[in-house]
Each structure stands twice: as structure tokens, then as C-alpha cells.
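Take a look at the structure below.
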Amino acid sequence: MYAVIKTGGKQYRVQPGDVIVVEKIDGDAGAAVNFGEVLMLGGDKGVTVGAPLIDGAAVAATLIETRKGEKIKIFKKIRRQGYRRTNGHRQMESVLRITGIEGAGEKAKWDGTVDLMTKAEINARARGLAPRVEIPAVKETTKAKKAPAKKADAVEGAEA
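Under the working numbering, the letters of the sequence shown match residues 1 to 160, in that order.
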């Protein structure tokens, strides 16, 4: 089952379990967020299109983190006038995990657990900068047999 929701002036096609990045939503990490502006639902019973919204439909999500997005550079120039200005901007954004969709007589839930690990922590672990959780070593039950030394075999063959 999928839904098309509207938030922050944009539309997103979502399914249970999806991770989406939207414009900033107020709340702490782990907070539940509900979207009531559902424009379309699709599932086993077919597609339901709202006019403009579907009554009683809702999409549930969990807020994972609020962060700054990528930097956008603004460069202004007027030719032959010696006018150049450079500026930058980073928009605040929220990362959400879609946990459930319901409406039009259907329900879909995501049965996984929401991991609140931030993108910065994921990137640090990928570069080997974050501490890792150590897994205890598994004891070997069988010992490897030692191979005979090759020099000893060669010396015995020469003497014979």
C-alpha cells in the first residue's frame, strides 16, 4: 500500500518503512508525526484519488532527526561593474520513517523498529571514526592440524 501526502508545499509518495526528508517539522527525535493531507491512496483494492483530500486517511511517521541540509551557494554578478557577491544557505530539514498508512478501508503498518541513528553518526561509522560495538569472539571447537615442515621432508628424500 502507498500514499501521496502533502507537507511543506511538496508532495511525497510513501510506503510503510520508507525514510523521507521533508522541510523542518517541530518535535524531538522519536516523536510521532501524523499527516492528514493525503491526496491519493493505492493498494489491493485499487487507487483512491481525493478531491482534493481523502477523508479519514492518515499517514503515521516517526521523527528520526532534524538537521541542516546541503549548502546552496548564491552568486550574484553584474558584468563590467566590479560587482560580485557570494552567499550561502543551509535549509533545515527533518528525516522521517513512515510507520503506517490507513484510509479507504485499508491499513498498512511497518513491523520493523525505528532506529534513531543520525546521518552524521552513520557517516562517522562508515569512515571508522565512531566507536563500534564489539561482538565477543566465538571460540573455536576444532584445532587446526599442523602441516609437516617442508624442509624436513626434503632432507629425508635426499638421504634416501
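Where is the CB? At the ideal position from N, CA and C, for every residue including glycine. From a predicted model like this one, the values you see are computed outputs, not experimental measurements.
Since Gly17 and Trp110 are thought to touch, with beta carbons under 8 Å apart, how far apart are those beta carbons, to the nearest angstrom? Against the sequence shown, residue 17 aligns to sequence position 17. Against the sequence shown, residue 110 aligns to sequence position 110. With a Cβ gap of about 4 Å, Gly17 and Trp110 count as contacting.
To which residues does DSSP link Gly100 through a beta bridge? Your numbering for residue 100 matches position 100 in the sequence shown. BP columns for Gly100 point to Ala60, Lys109.
Out of Arg79, Leu39, Ala120, Gly103, which has the shortest C-alpha to C-alpha gap to Thr66? The residue labelled residue 66 in the question sits at position 66 within the sequence shown. Answer by Cα proximity: Ala120.
Counting C-beta neighbours from all protein chains within 10 Å, is the total for Arg97 16 or more, i.e. buried, or is it exposed? Position 97 of the sequence shown holds residue 97. Counting C-beta atoms within 10 angstroms of its own C-beta, Arg97 has 16 or more neighbours from the protein chains shown and is therefore classed as buried.
Whole angstroms is fine: what's the gap from Val22's alpha carbon to Ile72's? Position 22 of the sequence shown, counted from the start, is the residue given in the question as residue 22. Position 72 of the sequence shown, counted from the start, is the residue given in the question as residue 72. Between the alpha carbons of Val22 and Ile72 lies a gap of roughly 17 Å.
Count the other CB atoms within 10 Å of the CB of Gly88; is the residue buried (16 or more) or exposed (fewer)? Position 88 of the sequence shown, counted from the first residue, corresponds to residue 88. With fewer than 16 other Cβ atoms within 10 Å, it is exposed.
Give the range of the alpha helix (DSSP H) segment to which Lys120 is assigned. Taking the first residue of the sequence shown as 1, we reach residue 120 at position 120. In the sequence as displayed, the identity of residue 120 is Ala instead of Lys. Annotation for Ala120: the continuous alpha helix (DSSP H) segment containing it runs 119-126.
Could you check the C-alpha separation between Leu53 and Leu39 for me, to the nearest Å? Taking the sequence shown and counting its residues from 1, the one referred to as residue 53 is at position 53. Taking the sequence shown and counting its residues from 1, the one referred to as residue 39 is at position 39. Their Cα atoms are separated by approximately 5 Å.
Thr118 versus Ile64 - alpha carbon distance: Taking the first residue of the sequence shown as position 1, residue 118 is located at position 118. Taking the first residue of the sequence shown as position 1, residue 64 is located at position 64. Between the alpha carbons of Thr118 and Ile64 lies a distance of about 7 Å.
Within 10 angstroms of the Cβ of Tyr12, are there 16 or more other Cβ atoms? Answer buried if so, exposed if not. Residue numbering aside, residue 12 sits at position 12 when the sequence shown is read from its first letter. With 16 or more other Cβ atoms within 10 Å, it is buried.
Can you tell me where the beta strand (DSSP E) holding Lys45 begins and where it ends? As a first step, residue 45 must be located in the sequence shown, where it is residue number 45. No beta strand (DSSP E) holds Lys45; DSSP gives it neither H nor E.
If we cut at 8 Å on Cβ distances, does Ile78 have a partner in chain B? In summary, chain B is missing from the structure at hand, where a single protein chain is found.
Within 10 angstroms of its Cβ, does Leu129 collect 16 or more other Cβ (buried), or is it exposed? Mapped onto the sequence shown, residue 129 falls at position 129. Flag for Leu129 reads exposed.
Can you tell me which of the three DSSP states Glu37 falls into? Taking the sequence shown and counting its residues from 1, the one referred to as residue 37 is at position 37. Coil at Glu37, not helix or strand.
Do Gly103 and Gly42 have their C-beta atoms within less than 8 Å of each other? For the purposes of this step, residue 103 is identified with residue 103 of the sequence shown, where counting begins at 1. For the purposes of this step, residue 42 is identified with residue 42 of the sequence shown, where counting begins at 1. Taking the C-beta atoms as reference points, Gly42 is found no nearer than 8 Å to Gly103.
Does DSSP put Arg79 in a helix, a strand or coil? As a first step, residue 79 must be located in the sequence shown, where it is residue number 79. Of the three classes helix, strand and coil, the one that applies to Arg79 here is coil, per DSSP.
DSSP beta-bridge partners of Lys68: For this step, residue 68 is matched to residue 68 along the sequence shown. In the DSSP secondary-structure assignment, Lys68 is bridged to Met92.
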